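Trainee: Taken in order, the first sequence gives residues 351 to 879; the numbers are from our numbering.
Quick reminder that beta carbons are idealized off the backbone N, C-alpha and C, glycines included.
Quick caveat: nothing in here was measured; it's all calculated off a predicted structure.
Below you'll find the structure I mean.
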Amino acid sequence: MVTFLNLSVTIPVAEKANDYFYVAKPKEMIEKKILEILKDAIGELYGQQPDNSLLQVQKTRPEFQGEYTVVVFPLLKISRKNPEQTAQELGTFFIEKSPEITDFNVIKGFLNLSVSQSYWLGVFNQMLTDNQYGFISEKQGNPLVIEYSSPNTNKPLHLGHIRNNLLGWSVAEIVKSSGTPVKKVNLVNDRGIHICKSMLAWQKWGNQVTPEITDQKGDKLVGDYYVRFDQEYKIEIKQLIESGQDPDWAKNNAPLLLEAKQMLKKWEDEDPEIRELWNKMNRWVYDGFDQTYERMGIDFDKIYYESQTYLLGKSLVEEGLQTGVFYKKEDGSVWCDLTSDGLDEKLLLRADGTSVYMTQDLGTAQLRYDDYHPDKLIYVVGNEQNYHFDVLKLILKKLGKSWASHIEHLSYGMVELPQGKMKSREGTVVDADDLMDEMYQTAKKTTEELGKFDDFTPDEAHTLYQMLSLGALKYFILKVDPKKTMMFNPQESIDFTGNTGPFIQYTHARIQSVLRKATESGIEFSHTC
RNA sequence: GGUCCAGUAGCUCAGCUGGAUAGAGCAGCAGCCUUCUAAGCUGCGGGUCACAGGUUCGAGCCCUGUCUGGAUCACCA
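Set out below in structure tokens:
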């Protein structure tokens, strides 16, 4: 859609530093040409080769005549003439040397150039006839690997994941369209104490229910038991405190928590019964996630599981210990000292030898490198983890991994609601499925009220509502600068007027309608003037 | 407290490599439906670009400081 509307403005002055996002278009050819002629002009008129940074060409503001504007201020030190005179001389040169430039005018230090109609018609025809316009076919070489989504298996996807998924998937597709091979990967956090909590709660109070029995998505069912654990756990703490125990002690020694910890230990010891339960419940969750991803239009080339990478992380820590990059404290815990880099000491292994988040991420990064040898390894992760990624890169560098510099954290801001931040404890988290349902219902209601599509079959109507609601959601979220905290207003997001996805869809529909009616009445398109 | 990020119209957001009079949408007001989809269009009002210095021919954008908000500095992930 964006490519079709040609909304992006490209930068022709120098080859862009980050060529992953560079897509050549015919329109740019004239911009490049203008720059070349400008360079020639300066050479011929003033006898100098200017630095590229002095050559500034931009689109002409709509209130002036012309399509492209040369900013002459930076050139004055070369021309040693006043702005108007310099612009006048350059403009005359353009007319003489370039058939594409038909006219020019000078306003203050701005030289506005008019490009011939036949040139624009040529561009337009190319866009019209090239159905791959704006896309470059895949080049050879190492891929760009991009990780996004990264859910936990103890709760369903929420609004924060939606921003993450849409950003990650979109960046992947944009990069892909520029010809760079892309691997979209997901990292599922499928192990740890939080998973054991839902498992334990299901064992105790689940009565062997399954998603089939409760007619519920698997991720929702498992999430419910995670919540149930927390409720029962709080009751236990309260009782312990009431019986005179210290609150901190109560939190760490509530029977339920101890039981969950035991279960984690059993899991690590590969207890068959626990592993079976773990497999079963995770499968439920994955089925649920798959449905959500599919509806959202999100996909992956490969899914990593932390249960399969944390051991590799541990071996990397061992490696670092041997080379002296890490050190062991008296209690047996392993650390990396980053104070000389302005950061703190970082724990890598607990005293009991179990791994932490960083340990796992080291392993995952190594595995990705081994799998793909990527030129760039992008992580789409919220900005609350900026520090984590600074540390990750630094530690990998200390371990002598040359590819540490290939890691890039695509950091995005939190999504807030009109009533404030989403807080799971306060039940203000917006569930991804619920949100899509709600928007679907609004699309349906609004459409039915307008009565425009009464002749649609149920299938057609369903497709329409799906397109409208997802278009609204995606556009609303993607139009905001990723790094900024954004406000998600459910009311406004499902508004079908103004700067919204549905409005763009509507515009597209009207254009199609014009073309259809033109064809029906036998009008032929002319590609020339 | 240290580090990082943000602050632009009543609200939500654009603003490209520093370039001409800072732009959209929403909300408000005034118009427009026998002809292309009114889920629309046209017009009006609305700004100390958080503040103060600095660099520059030129600063919303770069630098320094201040204020405000957020994140982070866990044997959570």
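#1: Compute the beta-carbon to beta-carbon distance between V765 and M836, rounded to the nearest angstrom, for a pair I have assumed lies under 8 Å.
#2: Please go through the region 764 to 831 and give each complete alpha helix (DSSP H) segment of 4 or more residues, from N-terminal end onward.
#3: Quick check: what's the CA-CA separation for D640 versus I653?
#4: Looking at K526: is its Cβ nearer than 9 Å to the Cβ of E497?
#5: Measure the alpha-carbon distance for Y856 versus D805 and round it to whole angstroms.
#6: Around the Cβ of G575, are there at least 16 other Cβ atoms within 10 angstroms (buried) or fewer (exposed)?
#7: Any contact of the region 535 to 542 with the region 802 to 822, i.e. 3+ C-beta pairs under 8 Å?
#8: Does the pairing of the region 708 to 724 with the region 645 to 665 give three or more beta-carbon distances under 8 Å?
#9: Please name the residue or residues paired with M836 in a DSSP beta bridge.
#10: Using 8 Å for Cβ pairs, my map puts I648 next to N515. What's the rounded Cβ distance?
#11: With H, G and I counted as helix, E and B as strand and the rest as coil, what does DSSP make of N514?
#12: CA-CA distance, N481 and D725?
#13: Pull up the distance between the alpha-carbon of K505 and that of D687, whole angstroms please.
#14: Can you tell me which of D740, L749, K833 and I428 puts its alpha carbon nearest to the alpha carbon of D694?
#15: Rounded to whole angstroms, what's the CA-CA distance from L309 to K743? Just pull it up for me.
#16: Note down, in chain order, each residue of its chain lying with its Cβ closer than 6 Å to the Cβ of G638, except the 5 sequence neighbours on either side.
#17: Could you pull out every unbroken alpha helix (DSSP H) segment of at least 4 residues lying fully inside the region 629 to 677, listed in chain order?
#18: Helix, strand or coil for K423 per DSSP?
#19: Do you know how far the Cα of G674 is from the Cα of Q553?
#20: So, T689 versus L699, is the Cβ gap smaller than 9 Å?
#21: Once DSSP output is grouped into helix, strand and coil, what is the label at N462?
#22: Can you find the residues in the same chain that come closer than 6 Å, C-beta to C-beta, to A374, ignoring five residues on each side of it along the sequence?
#23: If you reduce the DSSP assignment to three classes, tell me which class K383 lands in.
#24: Grab me the residues of H756's own chain with a C-beta within less than 7 Å of its C-beta, minus the 5 sequence neighbours each way, in chain order.
#25: Can M789 and A754 be called in contact, C-beta distance under 9 Å?
#26: Are E446 and S466 closer than 9 Å when you measure CB to CB?
#27: Taking buried to mean at least 16 other C-beta atoms within 10 Å of its own C-beta, is P852 buried or exposed?
#28: Which residues mark the beginning and the end of the alpha helix (DSSP H) in which V864 is found?
#29: By DSSP's criteria, Y418 is part of a beta bridge. Which residues make up the other side?
#30: Where I563 and M631 are concerned, what is the direct C-alpha to C-alpha distance, given to the nearest angstrom?
#31: Can you tell me the Cβ-Cβ gap for L426 and T436, rounded? I've got them flagged as a contact below 8 Å.
#32: Can you check which of these residues, I861, K829, P832 and L818, is closest to F846 by C-alpha distance?
#33: Identify whether E874 lies in helix, strand or coil by the three-state DSSP scheme.
#34: Go ahead and label W617 buried or exposed: buried means 16 or more other beta carbons lie within 10 angstroms of its beta carbon, across all protein chains shown.
#35: Taking buried to mean at least 16 other C-beta atoms within 10 Å of its own C-beta, is P605 buried or exposed?
#36: Tell me whether H508 is buried or exposed, calling it buried when 16 or more other Cβ atoms sit within 10 Å of its Cβ.
Mentor: The structure says:
#1: That pair is a contact at about 6 Å.
#2: DSSP runs (the alpha helix (DSSP H)) wholly in the region 764 to 831: 782 to 800 and 808 to 828.
#3: Rounded to the nearest whole angstrom, the CA to CA distance from D640 to I653 is 12 Å.
#4: No.
#5: Their backbone Cα atoms lie some 18 Å apart in a straight line.
#6: At residue 575 the sequence reads Tyr, which differs from the Gly that was named. Answer is buried; the Cβ neighbour count reaches 16.
#7: Segments in contact, no.
#8: Output reads yes: the region 645 to 665 touches the region 708 to 724.
#9: M836 is bridged to V765.
#10: Indeed, because the Cβ distance is near 5 Å, the residues count as touching under 8 Å.
#11: Residue state, collapsed to three classes: helix.
#12: Straight across, the Cα-Cα distance linking N481 with D725 is about 29 Å.
#13: Their backbone Cα atoms lie some 34 Å apart in a straight line.
#14: Looking only at D740, L749, K833 and I428, the smallest Cα-Cα distance to D694 is reached by D740.
#15: Missing from the structure shown is residue 309; the chain here goes from 351 to 879 and no further.
#16: Here the set comprises K567, G568 and D569.
#17: 660 to 673, all fully within the region 629 to 677.
#18: A small correction: the amino acid at residue 423 is Phe; Lys does not occupy that position in the sequence shown. The three-state secondary structure of F423, taken from DSSP, is helix.
#19: Taking the CA atoms as reference points, Q553 sits about 45 Å from G674.
#20: Their beta carbons are not under 9 Å apart, which means T689 does not touch L699 by this criterion.
#21: For N462, the three-state secondary structure derived from DSSP is strand.
#22: Only weak support exists for where A374 lies, its pLDDT of 43 falling under 50; the value from the coordinates is given anyway. Sequence-distant partners of A374 (beyond 5 residues in either direction) whose C-beta falls short of 6 Å from its own C-beta are missing from its chain.
#23: In the three-state reduction of the DSSP assignment, K383 falls in the helix class, which pools H, G and I.
#24: The residues are P724, D725, K726 and L727.
#25: No, they are not a contact pair.
#26: Not closer than 9 Å, so no.
#27: Around the beta carbon of P852, a 10 Å sphere encloses 16 or more other beta carbons of the protein chains shown; the residue is thus reported as buried.
#28: Following the DSSP letters along the chain, one finds V864 inside the alpha helix (DSSP H) bounded by residues G851 to E870.
#29: Answer is K409 and L463.
#30: Here the alpha carbon of I563 sits roughly 14 Å from the alpha carbon of M631.
#31: Under the criterion of beta carbons closer than 8 Å, L426 and T436 qualify as touching, at roughly 6 Å.
#32: When each option's Cα is compared against that of F846, the closest is L818.
#33: In the structure shown, E874 sits in coil (DSSP, three-state: anything other than H, G, I, E or B).
#34: With 16 or more other Cβ atoms from the protein chains shown falling within 10 Å of its own Cβ, W617 counts as buried.
#35: Exposed: under 16 other Cβ atoms inside 10 Å.
#36: Label assigned to H508: buried.
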